[in-house]
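Protein chains in written order, with the UniProt record's numbering: chain A, 1 to 203; chain B, 1 to 203.
C-beta atoms are modelled at their ideal positions from N, C-alpha and C, and glycine is treated no differently.
One structure below.
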DNA sequence: GTCTATATGATGATAGAC
DNA sequence: GTCTATCATCATATAGAC
């Protein structure tokens with residue numbers, strides 16, 4: 001994707017130190033973009049966090065937008081792409097609740113996602129394509145899960161799997177925004193459970 | 001609020017031309033902030049839209065953050081603060097659907113709201129207090145409506161009014177974001193109706 | 001690979017003439 | 001009330017020494 005390791009078998013890959021540096025930059029950029037947004041965060045900010053010069057940083061990522069996309073893809077490779085992998089041991093409802101609770105432990109990651117997602121709908125934002133495709137992927141993925149439940153007769157009659165998928169994603173994103181602004185007065189996991197208990201019939 | 005008209009009875013108010021100018025600036029700033037966000041939009045952009053110099057603009061609004069707050073409050077005074085006024089002629093469900101359909105006609109207003117709301121959760125954003133208070137107001141307002149429905153026995157058993165309020169607002173905001181990115185593949189009004197039909201029992 | 005130095009441009013805001 | 005001129009800052013990005 002963004003790295004070029006093993007692109008040609010006869011060439012040796014990047015130095016170990018180099019990949020460490022890239023890692024450190026990604027961590028710092030994640031924090032900066034989460035706290036200030038893409039436009040509000042500067043390369044200098046990121047460089048300061050890592051403890052290197054701004055020009056050295058641009059040696060690893062040729063431009064600011066490259067760095068943004070690298071952060072987004074790196075986040076996916078760490079936390080998963082947001083879809084819930086099917087697991088026969090765990091119901092969809094439980095998996096969603098578990099993920100929501102886990103998210104409460106990593107507010108920085110939520111903040112990055114929320115801020116950049118909305119920022120990406122503006123003009124020529126470099127993250128727009130990423131978020132557009134991500135939502136399409138998520139909608140397809142959840143719709144598939146809801147269709148499975150429908151086949152088992154466990155989806156409430158009248159509920160359309162596609163609409164439920166878009167709604168669950170929307171509810172999740174929206175409640176995260178409210179939670180970031182007022183963590184004490186919003187119960188993320190509770191809201192998601194409330195919705196899923198309406199849509200999914202008990203076994 | 002932001003204007004000082006009629007602050008002292010013995011002083012004459014601002015010139016008519018002045019208020020017209022302020023109006024024009026607010027309209028332009030609304031468009032610019034919606035398209036580029038607060039940080040991404042510049043005073044120069046706004047001034048160009050109005051056809052005046054950037055310094056003249058600062059004569060009407062002493063700083064960029066003042067302009068932002070003026071835009072947000074102006075938007076409320078035009079479109080309402082987002083709460084649904086009780087109307088014996090119209091059910092809550094119908095009112096929400098009607099508002100959602102209307103919103104599809106004014107994508108710029110939705111974009112402004114979505115972009116600035118998420119941007120406001122970053123660091124020292126001048127709009128943060130506005131959005132925090134707005135969400136608290138909205139949650140209280142919708143919770144009251146759901147409690148009324150509960151007293152009439154029209155809220156599905158097990159649904160908590162406060163949770164339903166936060167969820168409806170979250171769903172609405174979240175689906176707007178998806179709609180801004182892919183208008184053709186998201187049915188805003190349909191999603192909201194789907195949720196409300198789950199929560200509110202038919203008469 | 002990392003640095004200094006710098007190109008180049010935009011930003012929000014101020015001062016003062018008219 | 002509106003302008004020109006300008007300040008002080010900050011941005012992304014590039015060139016070239018070591």
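In chain order, what residues of the segment 111–122 of chain A put their CB closer than 7 Å to some CB of chain B? 111, 114, 115, 117, 118, 119, 121 and 122
With 9 Å as the threshold, decide whether the Cβ of residue 173 of chain A is near any Cβ in chain B. Reading the first chain from its first residue, position 173 is the one you call residue 173 of chain A. True, the Cβ-Cβ gap to chain B drops below 9 Å.
Bridge partner(s) assigned by DSSP for residue 155 of chain B: Counting from one through the second chain, the residue named residue 155 of chain B turns up at place 155. Note: residue 155 of chain B sits in a beta bridge opposite B:200.
Evaluate residue 135 of chain A with the Cβ neighbour count: other Cβ atoms within 10 Å of its Cβ, from every protein chain shown; 16 or more gives buried, anything less gives exposed. By 1-based counting over the first chain, the position of residue 135 of chain A is 135. Its Cβ being crowded by 16 or more others within 10 Å, residue 135 of chain A is buried.
Helix, strand or coil, according to DSSP, for residue 36 of chain A in the structure here? By one-based count along the first chain, residue 36 of chain A stands at place 36. Correct three-state label for residue 36 of chain A: helix.
How is the alpha helix (DSSP H) around residue 45 of chain B delimited, first residue to last? Position 45 of the second chain, counted from the start, is the residue given in the question as residue 45 of chain B. That run of the alpha helix (DSSP H) goes 43–50.
Answer yes if the segment 135–155 of chain A comes into contact with the segment 55–62 of chain A, meaning at least three C-beta pairs across the two stretches below 8 Å, and no otherwise. no
Would you verify that the beta carbon of residue 49 of chain B is, or is not, closer than 9 Å to some beta carbon of chain A? Locating residue 49 of chain B in the second chain gives position 49, where the first residue counts as 1. Chain A contact via Cβ: absent.
Just checking, does the segment 102–109 of chain B make contact with the segment 98–111 of chain A on the three C-beta pairs under 8 Å criterion? no
Out of B:76, B:98, B:52 and B:180, state which residue places its alpha-carbon closest to the alpha-carbon of residue 120 of chain A. Within the first chain, the letter at position 120 stands for residue 120 of chain A. Closest option to residue 120 of chain A, Cα to Cα, is B:180.
Buried or exposed for residue 158 of chain B, please, with buried defined as at least 16 other CB atoms from any protein chain shown within 10 angstroms of its CB. What you label residue 158 of chain B is simply residue 158 of the second chain in a count that begins at 1. So residue 158 of chain B ends up on the exposed side.
Nearest CA to the CA of residue 164 of chain B: which residue from A:191, A:94, A:163 and A:162? In the second chain, the residue the question calls residue 164 of chain B occupies position 164. Answer by Cα proximity: A:191.
Is the distance from the Cβ of residue 195 of chain B to the Cβ of residue 168 of chain B below 9 Å? Locating residue 195 of chain B in the second chain gives position 195, where the first residue counts as 1. Locating residue 168 of chain B in the second chain gives position 168, where the first residue counts as 1. Yes, they are a contact pair.
Report the three-state DSSP secondary structure of residue 131 of chain A (helix, strand or coil). Numbered from 1 along the first chain, position 131 holds the residue referred to as residue 131 of chain A. In the structure shown, residue 131 of chain A sits in a helix (DSSP, three-state: H, G or I).
Please state if the CB of residue 156 of chain A and the CB of residue 92 of chain A are separated by a distance shorter than 9 Å. On the first chain, position 92 is the one that residue 92 of chain A refers to. On the first chain, position 156 is the one that residue 156 of chain A refers to. It is not a contact, given that the beta carbons lie outside the stated cut-off.
Going straight from the alpha carbon of residue 78 of chain B to that of residue 32 of chain A, what length do you get? Here the question's residue 78 of chain B lines up with position 78 in the second chain. Here the question's residue 32 of chain A lines up with position 32 in the first chain. About 36 Å.
Span of the alpha helix (DSSP H) holding residue 164 of chain B? Position 164 of the second chain, counted from the start, is the residue given in the question as residue 164 of chain B. First-last of the alpha helix (DSSP H) with residue 164 of chain B: 161–181.
Are the CB atoms of residue 100 of chain B and residue 172 of chain B within a distance shorter than 9 Å? For the purposes of this step, residue 172 of chain B is taken as the residue at position 172 of the second chain. For the purposes of this step, residue 100 of chain B is taken as the residue at position 100 of the second chain. Yes.
Can you tell me whether residue 83 of chain B is helix, strand or coil according to DSSP? For the purposes of this step, residue 83 of chain B is taken as the residue at position 83 of the second chain. Three-state result, residue 83 of chain B: coil.
Starting from residue 136 of chain A, find everything on chain B with Cβ-Cβ shorter than 8 Å and list it in chain order. Residue numbering aside, residue 136 of chain A sits at position 136 when the first chain is read from its first letter. Near residue 136 of chain A (Cβ distances below 8 Å), the residues of chain B are 182 and 185.
Any beta-carbon of chain B closer than 9 Å to the one on residue 8 of chain A? Counted from its first residue, the first chain places residue 8 of chain A at position 8. Low confidence applies to residue 8 of chain A: its pLDDT is 43, below 50, so where it sits in the model is not reliable enough to give any reading.
Would you decide whether residue 133 of chain A is buried or exposed? Buried here means 16 or more other CB atoms lie within 10 Å of its CB. Numbered from its first residue, the first chain carries residue 133 of chain A at position 133. Exposed, because fewer than 16 other Cβ atoms sit within 10 Å of the Cβ of residue 133 of chain A.
So with Cβ pairs under 9 Å, would you call residue 153 of chain A a contact of chain B? The sequence position of residue 153 of chain A within the first chain is 153, counting from 1. False, the Cβ-Cβ gap to chain B never drops below 9 Å.
Name the chain B residues whose beta carbon is nearer than 7 Å to that of residue 39 of chain A? To locate residue 39 of chain A, count along the first chain from 1; it is residue 39. By Cβ distance, chain B contributes 37, 39 and 40.
Where residue 161 of chain A falls, given that 16 or more other Cβ within 10 Å makes a residue buried: Taking the first chain and counting its residues from 1, one reaches residue 161 of chain A at position 161. Counting Cβ neighbours within 10 Å, residue 161 of chain A comes out buried, since at least 16 surround it.
Given this structure, state the Cα-to-Cα distance separating residue 186 of chain B from residue 116 of chain B, to the nearest angstrom. Walking along the second chain from the start, residue 186 of chain B turns up at place 186. Walking along the second chain from the start, residue 116 of chain B turns up at place 116. Spanning the two alpha carbons is a distance of roughly 21 Å.
Report the option in B:39, B:87, B:137 and B:70 whose CA atom is closest to the CA atom of residue 124 of chain B. Numbered from its first residue, the second chain carries residue 124 of chain B at position 124. Cα-wise, what sits closest to residue 124 of chain B is B:39.
Determine whether the Cβ of residue 19 of chain B lies closer than 9 Å to any Cβ atom of chain A. Residue numbering aside, residue 19 of chain B sits at position 19 when the second chain is read from its first letter. So no, residue 19 of chain B is outside the interface.
Separation of residue 113 of chain B from residue 43 of chain A, as counted between CA atoms: The sequence position of residue 43 of chain A within the first chain is 43, counting from 1. The sequence position of residue 113 of chain B within the second chain is 113, counting from 1. Distance between the alpha carbons of residue 43 of chain A and residue 113 of chain B is about 27 Å.
Answer yes or no: do residue 97 of chain B and residue 28 of chain B have a C-beta to C-beta separation smaller than 9 Å? Stepping through the second chain from its first residue, residue 97 of chain B is reached at position 97. Stepping through the second chain from its first residue, residue 28 of chain B is reached at position 28. No, Cβ-Cβ distance for residue 97 of chain B and residue 28 of chain B is not below 9 Å.
Per DSSP, what kind of secondary structure is residue 185 of chain A in: helix, strand or coil? The residue you call residue 185 of chain A lines up with position 185 of the first chain. Correct three-state label for residue 185 of chain A: helix.
Determine, using beta carbons only, whether residue 132 of chain B comes closer than 9 Å to chain A. On the second chain, residue 132 of chain B is found 132 positions in, with the first residue counted as 1. Chain A contact via Cβ: present.
Should residue 93 of chain B be flagged as near chain A, meaning a C-beta pair shorter than 9 Å? Here residue 93 of chain B corresponds to residue number 93 of the second chain, with the count starting at 1. Residue 93 of chain B does not count as touching chain A.
Can you give me the C-alpha to C-alpha distance between residue 110 of chain B and residue 19 of chain B, rounded to a whole angstrom? Translated into positions along the second chain, residue 110 of chain B becomes position 110. Translated into positions along the second chain, residue 19 of chain B becomes position 19. Near 25 Å, if we compare the C-alpha coordinates of residue 19 of chain B and residue 110 of chain B.
Return helix, strand or coil for residue 91 of chain A, following the three-state DSSP convention. The residue labelled residue 91 of chain A in the question sits at position 91 within the first chain. The answer is coil: DSSP assigns residue 91 of chain A none of H, G, I, E or B.
Within 10 Å of its beta-carbon, does residue 70 of chain B have 16 or more other beta-carbons around it, so buried, or fewer, so exposed? Taking the second chain and counting its residues from 1, one reaches residue 70 of chain B at position 70. By the neighbour-count rule (16 or more Cβ atoms within 10 Å), residue 70 of chain B is buried.
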